[in-house]
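Down below is the structure, laid out as structure tokens.
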Amino acid sequence: MSEERIQRLPAEQLFQEEMDVLMANEMNPVPEGWRMSPKSVLTYICGGRCGGMDISPKYIGNRRLVEIAIATLVTDRALLLIGEPGTAKSWLSEHLTAAINGNSTRVIQGTAGTTEEQIKYSWNYAMLIASGPSKEAMIPSPVYRAMEQGAIARVEEISRCASEVQDALISILSEKRISVPELGIEVPARKGFSVIATANTRDKGVNEMSAALKRRFNIVVLPAPESLEAEMEIVKSRVAQLSGSLDLNAKLPKEEVVEKVCTIFRELRKGATLDGKQKLKSTSGVLSTAEAISLLAGSMALAGSFGDGTITDYDLAAGLQGAVVKDDSKDQNVWEEYLENIMKKRGAKWLSLYEECKELNR
């Protein structure tokens with residue numbers, strides 16, 4: 009299948025040209041199993057200039073946190089990225105593995121249904137019954153393949169996995185090998201093997217990670233964007249990337265549109281207006297940066313499909329209603345209070361959006 013027909017390309021294909029330039033101009037020592045040095049990985053993640061090319065920033069935030077994450081992967085410790093929903097944990101995890109190994113697709117998605125076999129290995133049962141245990145009948149997990157190849161595996165939303173599934177990682181991270189008793193073999197990890205896991209603070213208590221497992225990770229907490237300007241920069245960058253891969257048939261949102269969405273999200277998330285002068289009730293949802301990106305992409309789709317291609321307050325109101333009110337009467341009340349006490353009083357610039365949101369609430 010051609011790349012044009014694939015809905016979402018992995019990072020190593022989307023940014024292959026940037027990676028090629030960084031590798032061609034490498035000036036620093038490259039760890040075993042890596043494609044480029046830690047400094048080049050940092051440039052790829054945070055942006056910069058290399059070989060006459062501008063490297064686009066993939067993560068806009070605290071540069072030191074990215075340095076700590078990269079340095080962790082140089083050692084034999086695994087990396088755990090923790091944060092609120094929408095703080096770019098998965099995004100950073102994907103780009104780290106893409107830059108380091110050129111393959112970000114060794115992923116285990118943590119859910120309530122994730123099993124220990126998905127962490128280690130499973131079997132082709134038809135072959136198992138026909139000829140017994142063999143290497144050919146084995147189905148290796150992404151972690152198993154990463155150990156064999158000396159690469160990095162990703163475990164998304166690890167706190168969604170049951171405790172016994174999480175515990176399967178303890179021996180892997182401690183011993184750096186997987187035992188296959190059916191074949192009487194052990195698979196040792198090659199140099200370069202590591203694991204990047206992500207955990208959502210909103211899932212704390214769902215399947216709390218044991219102290220034993222946490223000790224195997226170096227933990228990096230990713231905060232929400234510090235300022236409105238930083239959040240707007242992230243949103244504009246990601247919306248531009250999304251629109252390039254989707255047939256939205258719409259213009260990118262104007263600066264004032266992005267500012268309105270980010271302002272509303274930050275105020276409802278924080279429980280206060282940006283100037284801190286007025287307290288607000290918060291919604292049950294997180295209203296993360298990722299949701300702001302999805303809201304604007306959805307508004308572009310509305311504008312492109314049913315409008316003239318320019319996002320209007322009519323399009324924006326529909327997205328805001330769905331993002332803020334999450335099947336909860338409390339959210340509806342919070343949103344109505346915000347419209348009347350905050351948005352309505354902000355003057356002509358906000359009046360049209362207020363009226364469209366108010367109409368949807370009737």
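If you're matching positions, the sequence shown starts at 9 in the numbering used here and goes up one per residue.
Even for Gly, the Cβ is constructed at its ideal location relative to N, Cα and C.
Best match in the options for proximity to residue i [C-alpha to C-alpha]
| i | options | result |
| --- | --- | --- |
| Ile-204 | Val-195, Val-228 and Thr-318 | Val-228 |
| Arg-85 | Thr-122, Asn-349 and Ser-179 | Ser-179 |
| Val-173 | Gln-126, Val-82, Pro-233 and Leu-260 | Gln-126 |
| Leu-191 | Lys-66, Leu-368, Met-146 and Ser-235 | Met-146 |
| Ser-379 | Arg-223, Met-217, Pro-148 and Leu-230 | Summary: the structure shown does not reach residue 379, with the chain confined to residues 9 through 370, and so no result is reported for it. |
| Met-240 | Gly-56, Ala-19 and Tyr-67 | Tyr-67 |
| Lys-338 | Arg-57, Asp-62, Leu-87 and Gly-293 | Gly-293 |
| Asn-349 | Val-269, Val-82, Ala-280 and Ala-325 | Ala-280 |
| Ser-202 | Gly-60, Ala-79 and Ser-167 | Ala-79 |
| Lys-262 | Leu-236, Met-308, Gln-286 and Ile-186 | Met-308 |
| Ser-245 | Thr-291, Ile-301, Ile-90 and Pro-231 | Ile-301 |
| Leu-230 | Pro-46, Glu-20, Ser-98 and Pro-65 | Ser-98 |
| Val-332 | Ile-14, Cys-365 and Lys-285 | Cys-365 |
| Lys-289 | Leu-310, Gly-330, Glu-234 and Gln-340 | Gln-340 |
| Gly-56 | Val-29, Leu-22 and Gly-330 | Val-29 |
| Asn-33 | Ala-311, Leu-361, Glu-234 and Gly-59 | Gly-59 |
| Gln-81 | Ala-356, Cys-270, Ala-220 and Lys-199 | The residue asked about is misnamed: residue 81 is Leu in this sequence, not Gln. When only C-alpha atoms are compared, the closest one is Lys-199. |
| Cys-270 | Ser-235, Met-217 and Lys-287 | Ser-235 |
| Pro-46 | Met-27, Leu-328 and Arg-153 | Met-27 |
| Leu-104 | Glu-20, Lys-128 and Tyr-152 | Glu-20 |
| Thr-83 | Gly-41, Gly-118 and Arg-16 | Gly-41 |
| Val-188 | Pro-148, Met-217 and Ser-218 | Pro-148 |
| Lys-128 | Asp-175, Leu-88 and Leu-87 | Asp-175 |
| Tyr-152 | Ile-137, Ile-186 and Gln-24 | Ile-186 |
| Met-61 | Gln-24, Gly-355, Pro-37 and Leu-87 | Gln-24 |
| Leu-368 | Ala-326, Leu-177, Glu-124 and Ala-356 | Ala-326 |
| Gly-330 | Lys-352, Thr-291, Pro-39 and Met-351 | Thr-291 |
| Gly-118 | Pro-150, Pro-37, Asp-336 and Met-135 | Pro-150 |
| Ser-218 | Leu-328, Leu-177 and Ala-248 | Leu-177 |
| Lys-268 | Leu-100, Ile-63 and Leu-361 | Leu-361 |
Unbroken alpha helix (DSSP H) run spanning residue i, endpoints
| i | result |
| --- | --- |
| Leu-304 | 297-314 |
| Asn-349 | 337-349 |
| Ser-290 | It is not in any alpha helix (DSSP H) - Ser-290 carries neither H nor E in the DSSP assignment. |
| Val-332 | 321-332 |
| Arg-71 | 71-82 |
| Tyr-67 | Here Tyr-67 belongs to no alpha helix (DSSP H), and DSSP marks it neither H nor E. |
| Leu-17 | Segment: none, Leu-17 is in no alpha helix (DSSP H) and carries neither H nor E. |
| Ala-96 | No alpha helix (DSSP H) holds Ala-96; DSSP gives it neither H nor E. |
| Lys-357 | 356-369 |
Start and end residues, beta strand (DSSP E) containing residue i
| i | result |
| --- | --- |
| Val-195 | 193-196 |
| Asp-62 | 61-63 |
| Ser-187 | 185-188 |
| Ile-204 | 202-208 |
| Leu-88 | 86-91 |
Integer Cβ distance of residue i from residue j, believed to fall under 8 Å
| i | j | result |
| --- | --- | --- |
| Ala-170 | Asn-215 | 6 Å |
| Val-243 | Val-266 | 6 Å |
| Ala-305 | Leu-250 | 5 Å |
| Glu-165 | Asn-226 | Contact flag wrong, Cβ pair sits at about 19 Å. |
| Arg-168 | Ala-220 | About 19 Å; that fails the 8 Å criterion. |
| Cys-54 | Arg-71 | 5 Å |
| Leu-89 | Thr-206 | 5 Å |
The ligand COA heavy atom lying under 8 Å from the CB of residue i
| i | result |
| --- | --- |
| Lys-143 | Of the ligands one can find in the structure shown there are none, so the ligand COA has no counterpart to examine. |
*In the segment 98-178, which residue ranges form an unbroken beta strand (DSSP E) of at least 3 residues, counting only runs that do not cross its ends?*
115-117, 129-131, 146-148 and 160-164
Q.
Count Cβ pairs between the segment 80-97 and the segment 134-141 that sit closer than 8 Å; are there 3 or more?
A. no
Practice problem: Pair every Cβ in the segment 272-285 with every Cβ in the segment 313-322, then say whether three or more of these pairs are closer than 8 Å. | Solution: no
- Segment contact flag, the segment 158-167 with the segment 95-110, C-beta cutoff 8 Å, min 3 pairs: yes
Discussion item. Can you confirm whether the segment 47-54 touches the segment 184-200 when touching is taken to mean that 3 or more C-beta pairs between the two stretches lie within less than 8 Å?
Written reply: no
Checklist entry - Counting Cβ pairs, one atom from each stretch, are 3 or more of them under 8 Å apart for the segment 340-353 and the segment 294-310? => result no
* Where are the alpha helix (DSSP H) runs, 4 residues long or more, that stay fully inside the segment 30-61, in chain order? -> 46-54
Taking contact to mean at least 3 C-beta pairs separated by less than 8 Å, is the segment 306-317 in contact with the segment 245-259?
yes
Taking only runs that begin and end inside the segment 213-282, name each unbroken alpha helix (DSSP H) of 4 or more residues, in chain order.
-> 219-222, 236-253 and 263-278
Report task. Report yes or no: do three or more beta-carbon pairs, one from the segment 72-80 and one from the segment 112-130, lie closer than 8 Å? Result -> no
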